[in-house]
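Take the position in the sequence shown, starting the count at 1, then add 2; the result is the number in this note's numbering.
Even glycine gets a Cβ: it sits at the ideal position worked out from N, Cα and C.
Since the structure is predicted, the reported quantities are computational estimates derived from the model, not experimental observations.
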Amino acid sequence: MDYKTKLKLQRWKNGPFIAYSILAVTGVMFLLQEILGGSTNMETLVFLGAKVNFLIVSGDWYRLITPMFLHIGLMHLVFNALIIYFLGIQLETIFGHWRFFALYFLSGIAGNATSFAFNSSISAGASTAIFGLFGSTLVLVKLYPGHPQIKAMAKNFSLLIILNLVFGLFSPNIDMAGHVGGLVGGYIVTFALSTPRAWKTNKKQQLSYALLFVGMIILLIVIGFSRYNSIVNLFS
């Protein structure tokens, strides 16, 4: 392998390749949605893995993950992609590649599990994971006390969190349960993961938050099954 090739590989490894990969997969999935019937077509969304409660109950557990890569309409995709690009690159630099990977996916799972528990509608979108990224910025202030740039970032995204949640209250098409679940999940997961250069890391505390996250997911799944069975029994 020549020097230029090694240099390119090193730049790729040092760059935010997880954020870029998430964007690439999301873009490919959107194109696939359009090819198969359109991104707003419910049959296409369900076929490609949107969150559908009765299918999760039937054993489609992957639907707690796949909705993160599907979007309903071009504007939905563009808005979420911009946030992943601008915020994701910053956070991947702070957390490192694999911590960022875990943060994104676990936040998305938490959001989709919360949606499964409290929202019976079909849903899709990266917002569950994105709200987890928002939640992580609130924790970074505690991991890097006195850091002016992180403090400013947390302040800016705190305002964005509030605006999004308020807007969601007045929009019936927004999955508020998924957003709140992703936010809380990301907050908890960030404490569990910490960062490579955190001011203070407590392994016991990290384990406690990891167990809290696992307990949260189990509880949400139990609630989801209970609510689904209650609805089925009501109409049977």
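Secondary structure at residue 196, three-state DSSP: helix, strand or coil?
-> Position 194 of the sequence shown holds residue 196. Here DSSP, grouped into helix, strand and coil, assigns residue 196 to coil.
Residue 72 and residue 51: beta carbons closer than 8 angstroms?
-> Residue numbering aside, residue 72 sits at position 70 when the sequence shown is read from its first letter. Residue numbering aside, residue 51 sits at position 49 when the sequence shown is read from its first letter. Closer than 8 angstroms, so yes.
Could you work out which residue in 210, 116, 193, 126 is closest to residue 224 when comparing CA atoms only?
-> What you label residue 224 is simply residue 222 of the sequence shown in a count that begins at 1. For residue 224, the nearest C-alpha among the options comes from 116.
Whose C-beta lies closer than 6 angstroms to the C-beta of residue 179 among residues of the same chain, with five residues either side of it excluded?
-> The count along the sequence shown starts at 1 and reaches residue 179 at position 177. Hits under 6 angstroms: 116, 117, 120, 121.
Report the rounded CA-to-CA distance for residue 160 versus residue 100, giving the unit in angstroms.
-> Walking along the sequence shown from the start, residue 160 turns up at place 158. Walking along the sequence shown from the start, residue 100 turns up at place 98. Computed Cα separation, rounded: 25 angstroms.
Could you please give me the residues that DSSP links to residue 125 through a beta bridge?
-> Here residue 125 refers to the residue found at position 123 of the sequence shown. BP columns for residue 125 point to 53.
Looking at residue 47 and residue 126, is the spacing between their C-beta atoms short of 8 angstroms?
-> As a working mapping, residue 126 is identified with position 124 in the sequence shown. As a working mapping, residue 47 is identified with position 45 in the sequence shown. Going by beta carbons, residue 126 and residue 47 fall inside the 8 angstroms limit.
Evaluate residue 174 with the Cβ neighbour count: other Cβ atoms within 10 Å of its Cβ, from every protein chain shown; 16 or more gives buried, anything less gives exposed.
-> Counted from its first residue, the sequence shown places residue 174 at position 172. The residue is exposed, with fewer than 16 neighbouring Cβ atoms inside 10 Å.
At a cut of 8 angstroms, does the region 140-154 reach the region 78-90 through at least three beta carbon pairs?
-> no
Taking all protein chains shown into account, decide if residue 217 is buried (16 or more other Cβ within 10 angstroms of its Cβ) or exposed.
-> Mapped onto the sequence shown, residue 217 falls at position 215. By the beta-carbon neighbour count (other beta carbons within 10 angstroms, threshold 16), residue 217 is exposed.
What does a CB cutoff of less than 6 angstroms around residue 247 pick up in its chain, not counting 5 residues either side in sequence?
-> Any question about residue 247 goes unanswered here, given that the chain covers just 3 to 238.
Taking the continuous alpha helix (DSSP H) assigned at residue 23, which residues delimit it?
-> Mapped onto the sequence shown, residue 23 falls at position 21. First-last of the alpha helix (DSSP H) with residue 23: 19-38.
Just the C-alpha distance for residue 20 and residue 215, rounded to the nearest angstrom, thanks.
-> What you label residue 20 is simply residue 18 of the sequence shown in a count that begins at 1. What you label residue 215 is simply residue 213 of the sequence shown in a count that begins at 1. Going from the Cα of residue 20 to the Cα of residue 215 covers about 23 angstroms.
Contained alpha helix (DSSP H) runs [length at least 4] in the region 70-137, N- to C-terminal order | The alpha helix (DSSP H) runs lying completely inside the region 70-137 and spanning 4 residues or more are 76-97, 99-120, given in chain order.
Identify whether residue 220 lies in helix, strand or coil by the three-state DSSP scheme.
-> Reading the sequence shown from its first residue, position 218 is the one you call residue 220. Helix at residue 220.
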